[in-house]
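Asks:
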Amino acid sequence: MMNFPEFLSPYQADLEKYKMETVLINATPIANGESLSITQSKFLGLPFLPVGVDYPEDSKGTPMILLAQINFSELPSLPEYPSEGILQLFVSPDDWYDMEEYAVLYHEDLTQEHQKDFSFLTDDFYLDSPILSEHALQFEKSVEYGGVADERFDYMFGEQDYWDFEESLAEEDAKQLGTFFTSGGSKVGGYAYFTQQDVRSYSPSKKNDLLLLQIDSDEKIMFGDSGVANVFINPDDLKKKDFSKAYFYWDCY
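Going letter by letter, the sequence shown gives residues 168 to 420 in the working numbering.
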């Protein structure tokens, strides 16, 4: 739970209106020889895929790689988001950069018989992967009161926007402000982080889309030059558990 810095106390009541719950992801590379179960949440690794579901392929017919798998039953409850089922992000192994060759899948029933043979996914498929090794995921619920990179955070500190307010603060307070309103890190829900500009700002129809998943760069994850990847979804589609129009985006410095 975030504690308000003293210099933000005059704005605390107003900022409560911007509060959003989020589930933070702590991603840990697994050790050599270790393996995760087919239904566990993970970055990279093998997917849960029911028998009869086609394995995702890119436009060239090349099998995609699993970039992320989120088992919602492992997460703390998050309003509007599923409480069960598996969300998956697949990307083309060598053509994911342009954000056109990807697939977002959701499997609600995990009791179905699942596919077991993924021998076609040889090491060569992962040479250009932004995630360098399989990660186990742990989850922690938190709250955010804004994200400076998120288009939805338009709060005015009196008559100052965020950047003018930051410039008016002492150096240490300005650092605390940046920490308080950062929306970086890997997570489900909450405010989104971008190194450039909020992709939703380019399309009025997407301005209210929700952050479904965020994967941030770290020691074993690198999107371009220390970039961040996001998956967004329309709020109505999320309520219906319709992930067919969810979209993948990433940017970097």
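Beta carbons are placed, not taken as given, at the ideal position from N, Cα and C, and that holds for glycine.
Here the structure is a predicted model, which is why all the values come from computation and not from measurement.
Is ALA316 closer than 8 Å to ALA359 when the C-beta atoms are compared?
Replies: Locating residue 359 in the sequence shown gives position 192, where the first residue counts as 1. Locating residue 316 in the sequence shown gives position 149, where the first residue counts as 1. Against a cut-off of 8 Å, the Cβ pair of ALA316 and ALA359 comes out as a contact.
Asks: LYS308 bridges to which residues according to DSSP?
Replies: The residue given as residue 308 occupies position 141 in the sequence shown. VAL190, per the DSSP bridge assignment.
Asks: Of all the options TRP263, LYS308, PHE347, PHE348, which has the alpha carbon lying nearest to the alpha carbon of LEU245?
Replies: Residue 245 sits at position 78 when you count from the first residue of the sequence shown. Considering only alpha carbons, the answer is LYS308.
Asks: Would you be able to state if there are at least three C-beta pairs under 8 Å between the region 277 to 292 and the region 370 to 382?
Replies: These segments do not touch.
Asks: Distance, Cα to Cα, PHE348 vs GLU311?
Replies: In the sequence shown, the residue the question calls residue 348 occupies position 181. In the sequence shown, the residue the question calls residue 311 occupies position 144. Those two C-alpha atoms are separated by around 8 Å.
Asks: For LYS227, would you say it is in contact with chain C, using Cβ-to-Cβ distances shorter than 8 Å as the test?
Replies: Of the protein chains in the structure, only one exists, and it is not chain C.
Asks: Does the beta-carbon distance from CYS419 to ASP383 come in below 8 Å?
Replies: Translated into the one-based positions of the sequence shown, residue 419 becomes position 252. Translated into the one-based positions of the sequence shown, residue 383 becomes position 216. Cβ distance not < 8 Å, so CYS419 and ASP383 don't count as in contact.
Asks: Pop quiz: SER204 and ILE237 are said to be a contact at Cβ under 8 Å. What is the actual Cβ separation, rounded to whole angstroms?
Replies: Along the sequence shown, one-based indexing puts residue 204 at 37. Along the sequence shown, one-based indexing puts residue 237 at 70. So it is not a contact: roughly 14 Å between Cβ atoms.
Asks: Under the rule that 16 or more other beta-carbon atoms within 10 Å means buried, what is LYS177, buried or exposed?
Replies: Numbered from 1 along the sequence shown, position 10 holds the residue referred to as residue 177. It is worth fixing the name first, because residue 177 is Pro in this sequence and not Lys. Result: exposed.
Asks: Along the chain, which unbroken stretches of the beta strand (DSSP E) at least 3 residues long are found entirely within the region 223 to 247?
Replies: Segments of the beta strand (DSSP E) lying fully in the region 223 to 247: 232 to 238.
Asks: Grouping DSSP H, G and I as helix and E and B as strand, with all else coil, what is TYR329?
Replies: Here the question's residue 329 lines up with position 162 in the sequence shown. In this structure, TYR329 counts as helix in the three-state DSSP scheme.
Asks: Is the distance from the Cβ of LEU378 to the Cβ of GLY357 below 8 Å?
Replies: Counting from 1 along the sequence shown, the entry for residue 378 is found at position 211. Counting from 1 along the sequence shown, the entry for residue 357 is found at position 190. The answer is yes: Cβ separation under 8 Å.
Asks: Strictly by DSSP, which residues pair up with THR195?
Replies: Your numbering for residue 195 matches position 28 in the sequence shown. For THR195, which the question treats as bridged, DSSP gives the partners ALA303.
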